[in-house]
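Notes follow the structure.
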Amino acid sequence: MSADTARIAVVTGANKGIGREIARQLAERGLTVYLGARDEQRGRAAADALRAEGHDVRFLHLDVTDETSVARAAGRLQEESGVLHVLVNNAGIGGPMQPPSETPAEQVRAVYETNVFGAITVTNALLPLLRKAPSARIVNVSSAIGSLSAAAANHDPTGVHPPGQFPVMLSYATSKSALNAVTLAYANELRGTGILVNAASPGFVATDINGHHGQLTTEQGAHIPVLLATLDDDGPTARFLGEDGTPEGQVLDW
Ligand SMILES: NC(=O)c1ccc[n+]([C@@H]2O[C@H](COP(=O)([O-])OP(=O)(O)OC[C@H]3O[C@@H](n4cnc5c(N)ncnc54)[C@H](OP(=O)(O)O)[C@@H]3O)[C@@H](O)[C@H]2O)c1
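The following block contains the structure:
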């Protein structure tokens, strides 16, 4: 991508955890970051803290499950910038650890509302602004646990779950598989438009979503999403990239 200075980014679910750190790292690179959060108080507090560090970060009220909220956010961006260069669909919720046969469909539906339909709602609402940029990036924050190849091999790529029990998180794991498929669908539609669409696995990061059991810091977890959000114009699209400690990351199997 060309000069960082005038670029605008939206990060959903950015009031804490990996999203907040993605917002910080993008702002550090000179982007103007709209910090999306569903709760006004938490969102404003996070944006204020990052602004106090000297970054151009603005609170954006955005509940990804609420179409009115998403439309309002898109309207505000249209008014204030008229263009968007980076969208990071980071907002996500976890699901219970239990066998699929004991997981009510309602629980799965609730997780999909945020992790899958939320990302679609936000992407569709902001695509007109992304299309106005000379080049743009969409990053969907997925998980290695959404890898169908890994699931088919009954292998837990995060190493979190005992052998033979993968996938135990029907709602969360399959929501990320669906998000991966959604990523490919958009990447294929948008080929040749200058909009690169990729999925990121941040690694197992200590945040509220896993009771801070993760081994990586949010700084480490933000690395791959930020890398994909700041790809050069000749960078890849339709890629699933994970954290492995190298600057390039590791290409994961869908
Ligand atoms: N941590 C890991 O090990 C790990 C591994 C793989 C993938 N991920 C993914 O990384 C992303 C960030 O997770 P995290 O680990 O940073 O967890 P987190 O600390 O729990 O953060 C999740 C963020 O999503 C927000 N959110 C939830 N529902 C929302 C909605 N309807 N609208 C807008 N924002 C919403 C939360 O806001 P509230 O504060 O209002 O709840 C929070 O800001 C998620 O997509 C997660 O699946 C995490």
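Residue numbering for the sequence shown follows the numbering used here, beginning at 14 and increasing consecutively.
Virtual Cβ for every residue (Gly too), placed ideally from N, Cα, C.
Determine the burial state of residue i: buried for a count of at least 16 other Cβ atoms within 10 Å of its Cβ, exposed for fewer.
{"i": "T18", "result": "With a pLDDT of only 49 at T18, under the threshold of 50, the placement of this residue in the model should not be trusted; the figure read from the coordinates follows. Per the 10 Å Cβ criterion, exposed."}
{"i": "N102", "result": "buried"}
{"i": "A166", "result": "exposed"}
Output yes or no for whether 8 Å exceeds the beta carbon distance between residue i and residue j.
{"i": "L73", "j": "R51", "result": "no"}
{"i": "R33", "j": "H68", "result": "no"}
{"i": "R71", "j": "A60", "result": "yes"}
{"i": "V77", "j": "T136", "result": "no"}
{"i": "L39", "j": "A87", "result": "no"}
{"i": "N201", "j": "A251", "result": "yes"}
{"i": "A242", "j": "V154", "result": "no"}
{"i": "G205", "j": "S148", "result": "no"}
{"i": "L209", "j": "R144", "result": "no"}
{"i": "G216", "j": "L229", "result": "yes"}
{"i": "T231", "j": "I31", "result": "yes"}
Mind checking who residue i pairs with in its DSSP beta bridge?
{"i": "N211", "result": "V152"}
{"i": "F253", "result": "A212"}
Out of curiosity, what's the CA-to-CA distance linking residue i and residue j?
{"i": "N128", "j": "A65", "result": "30 Å"}
{"i": "A104", "j": "A27", "result": "7 Å"}
{"i": "W267", "j": "E93", "result": "37 Å"}
{"i": "S214", "j": "P238", "result": "8 Å"}
{"i": "P109", "j": "A219", "result": "17 Å"}
{"i": "V24", "j": "H236", "result": "14 Å"}
{"i": "P141", "j": "A123", "result": "28 Å"}
{"i": "S15", "j": "L97", "result": "Here the model assigns S15 a pLDDT of 43, short of 50, so the residue's position is not dependable and the matter cannot be decided."}
{"i": "S188", "j": "V121", "result": "8 Å"}
{"i": "G95", "j": "L44", "result": "15 Å"}
{"i": "Q233", "j": "G262", "result": "11 Å"}
{"i": "F253", "j": "L265", "result": "5 Å"}
{"i": "R7", "j": "L203", "result": "Here the chain has residues from 14 to 267 only, and residue 7 is not among them."}
{"i": "V46", "j": "S184", "result": "30 Å"}
{"i": "H225", "j": "R42", "result": "27 Å"}
Kindly indicate if chain D contains any beta-carbon less than 8 Å away from that of residue i.
{"i": "G131", "result": "Absent from the structure is chain D; it holds one protein chain and no more."}
Using only alpha-carbon positions, find the residue among the options that is nearest to residue i.
{"i": "G49", "options": "L100, A164, L265 and G227", "result": "L100"}
{"i": "A198", "options": "D246, R85, G262 and A132", "result": "A132"}
{"i": "V181", "options": "P112, G234 and G224", "result": "P112"}
{"i": "N193", "options": "A157, A58, D245 and R57", "result": "A157"}
{"i": "E80", "options": "D169, H168 and E126", "result": "E126"}
{"i": "E256", "options": "D246, D245, L240 and L244", "result": "L240"}
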